[in-house]
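Novice: Right, I'll just put the structure down here and ask away after.
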Amino acid sequence: MNPTSVSELAYIELGVSNLANWQRYATEVLGLSAEMQDGALLLKSDSSIWRIKVVDSGEDDIRCAGFHVDNDQALQTISRQLHDIGFSINELGKAEKTARGVDVLMSCADPFGLGIELFLGDRSNGAPFVSPQDVNGFITGSQGLGHMVLFVPDADAAIAFYQHGLGFRLSDHITMGPEGSQIELTFLHCNSRHHTLALAPVPAPKKLNHIMLEVTNLDDVGFGLDRAMAQSTPITSSIGCHTNDKMVSFYMQTPSGFDLEYGFGGIEIDDNTWQTTHYDKPSIWGHKGNLN
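Under the working numbering, the very last position in the sequence shown is 355; numbers go up by exactly one each time.
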């Protein structure tokens with residue numbers, strides 16, 4: 064029997080060294096709406112109260128990932144799964160729940176210190192999303208905010224936590240990199256999005272490799288690239304199409320140094336018919352190196 068799974072990556076918190084740069088980047092390049100509240104920058108891509116919280120704490124890295132859980136029974140089961148593999152999980156108080164707009168909030172840390180939050184409740188505030196750059200919209204809903212790729216120094220420990228603890232299911236693997244120093248990335252899903260999480264078995268000073276936002280049409284990818292280039296945002300990978308999720312996207316460097324993938328067209332997974340596979344390259348075409 065498969066473990067009980069979280070249902071979506073609902074939000075992340077980033078710690079950065081320059082909030083002003085992030086506000087400009089988020090609104091002028093990404094097309095997200097932004098609001099300052101209690102010293103934090105709250106970024107919206109849909110009707111949720113916020114999807115990305117940016118705080119001035121200096122790490123230039125991810126601090127926390129928040130996962131929605133369908134119901135109380137699922138939350139209790141996931142808590143037991145985590146306990147069974149040696150992770151303690153604690154309930155957070157009223158102030159933390161209010162700040163995140165949730166009804167129930169539990170917290171633990173992954174094997175490498177990333178804060179993981181599990182919650183119950185609807186974070187939508189009913190207000191429609193309006194992009195300051197007229198982006199038509201972002202694919203979120205039951206698929207969550209997008210995906211994230213994490214550097215993990217111990218692949219086995221990461222897989223145990225995310226698959227056996229949080230219940231993620233295997234999508235596929237990609238072997239990538241120059242011969243002699245190749246690595247195998249593991250792609251995991253918890254809903255119909257091809258992957259909500261990928262694990263890169265690379266010891267690194269930071270936890271986050273990149274995050275991905277998916278827009279609702281291909282033109283918005285092109286307009287996003289135009290805006291990035293107009294703002295002199297470093298383009299770290301050209302437009303291309305991935306082998307596994309078929310996403311057409313480009314990569315750019317955020318003000319914190321990690322990348323953000325901006326794409327469209329990712330395939331969806333039906334667990335009743337999905338078959339895992341292995342790819343020997345990350346892209347069908349494009350996604351060439353730094354263009355700046």
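Where a beta carbon is used, it is the ideal one built from N, C-alpha and C, also for glycine.
(1) Are the stretch 269-280 and the stretch 208-221 touching by the rule of at least three beta carbon pairs closer than 8 Å?
(2) Does DSSP classify Phe321 as helix, strand or coil?
(3) Taking only the alpha-carbon atoms, compute the straight-line gap between Asp343 and Gly326 and give it to the nearest angstrom.
(4) Between the C-alpha atoms of Glu159 and Leu168, what's the straight-line distance to the nearest angstrom?
(5) Report back the beta-carbon spacing between Ala221 and Pro174 to the nearest angstrom; my notes put them in contact at under 8 Å.
(6) Identify every residue that forms a DSSP beta bridge with Trp348.
(7) Can Asp123 and Ser80 be called in contact, C-beta distance under 8 Å?
(8) Starting from the C-beta of Ile302, find all residues in its chain whose C-beta is less than 6 Å away, skip the five residues before and the five after it, and write them out in chain order.
(9) With distance defined between alpha-carbon atoms, name the residue in Ile298, Glu98, Ile347 nearest to Gln316.
(10) Which stretch, first to last residue, makes up the beta strand (DSSP E) that contains Asn84?
(11) Let me confirm a value: Ser205 is counted as buried when at least 16 other C-beta atoms fall within 10 Å, else exposed. Which label applies?
(12) How long is the line joining the alpha carbons of Ser120 and Arg126, rounded to whole angstroms?
(13) Taking the beta strand (DSSP E) that Asp124 belongs to, which residues open and close that run?
(14) Just checking my contact of Ala291 with Val92 at CB under 8 Å: how many whole Å lie between their CB atoms?
(15) Expressed to the nearest angstrom, what Euclidean distance is found between the alpha-carbon atoms of Met64 and Asp235?
(16) Can you check which of these residues, Tyr74, Ala83, Thr67, is closest to Gln318 by C-alpha distance?
(17) Tell me the DSSP secondary structure of Val69 in three-state form.
(18) Do the stretch 278-294 and the stretch 230-247 meet, that is, are 3 or more Cβ pairs less than 8 Å apart?
(19) Quick check for students: name the residue ranges of the alpha helix (DSSP H) that lie wholly in the stretch 146-226, counting only runs of 4 or more.
(20) Is Ile274 helix, strand or coil when you go by DSSP?
Specialist: According to the structure data:
(1) yes
(2) Position 258 of the sequence shown, counting from 1, holds the residue named residue 321. Phe321 falls in the coil class under three-state DSSP.
(3) Residue mapping note: residue 343 aligns to position 280 of the sequence shown, counting from 1. Residue mapping note: residue 326 aligns to position 263 of the sequence shown, counting from 1. Answer to the nearest angstrom: the Cα atoms are 21 Å apart.
(4) Your numbering for residue 159 matches position 96 in the sequence shown. Your numbering for residue 168 matches position 105 in the sequence shown. C-alpha separation (whole angstroms): 8 Å.
(5) Position 158 of the sequence shown, counting from 1, holds the residue named residue 221. Position 111 of the sequence shown, counting from 1, holds the residue named residue 174. 6 Å between Cβ atoms; contact.
(6) Stepping through the sequence shown from its first residue, residue 348 is reached at position 285. Its beta-bridge partners are Cys304.
(7) By 1-based counting over the sequence shown, the position of residue 123 is 60. By 1-based counting over the sequence shown, the position of residue 80 is 17. Contact flag set, yes.
(8) Taking the first residue of the sequence shown as 1, we reach residue 302 at position 239. Contacts found: Phe313, Gly349.
(9) Sequence index remark: in the sequence shown, residue 316 carries index 253 (1-based). Here the closest residue by C-alpha is Ile298.
(10) What you label residue 84 is simply residue 21 of the sequence shown in a count that begins at 1. Per DSSP, Asn84 belongs to no beta strand (DSSP E); it is in the alpha helix (DSSP H), 82-87.
(11) Counted from its first residue, the sequence shown places residue 205 at position 142. Under this definition Ser205 is an exposed residue.
(12) As a position in the sequence shown, residue 120 is number 57, starting the count at 1. As a position in the sequence shown, residue 126 is number 63, starting the count at 1. So the alpha carbons of these two residues sit roughly 10 Å apart.
(13) Residue numbering aside, residue 124 sits at position 61 when the sequence shown is read from its first letter. Start and end: 124-131.
(14) Residue numbering aside, residue 291 sits at position 228 when the sequence shown is read from its first letter. Residue numbering aside, residue 92 sits at position 29 when the sequence shown is read from its first letter. Right, the Cβ-Cβ distance comes to about 5 Å (below 8 Å), so this counts as a contact.
(15) Along the sequence shown, one-based indexing puts residue 64 at 1. Along the sequence shown, one-based indexing puts residue 235 at 172. Met64 and Asp235: Cα-Cα distance of roughly 19 Å.
(16) As a first step, residue 318 is located in the sequence shown; it is residue number 255 there, counting from the start. Sequence check: residue 318 is Pro here, not Gln. Here the closest residue by C-alpha is Ala83.
(17) In the sequence shown, the residue the question calls residue 69 occupies position 6. DSSP places Val69 in coil when its eight states are reduced to three.
(18) no
(19) 157-163, 218-222
(20) Working through the sequence shown from its first residue, we reach residue 274 at position 211. Three-state result, Ile274: strand.
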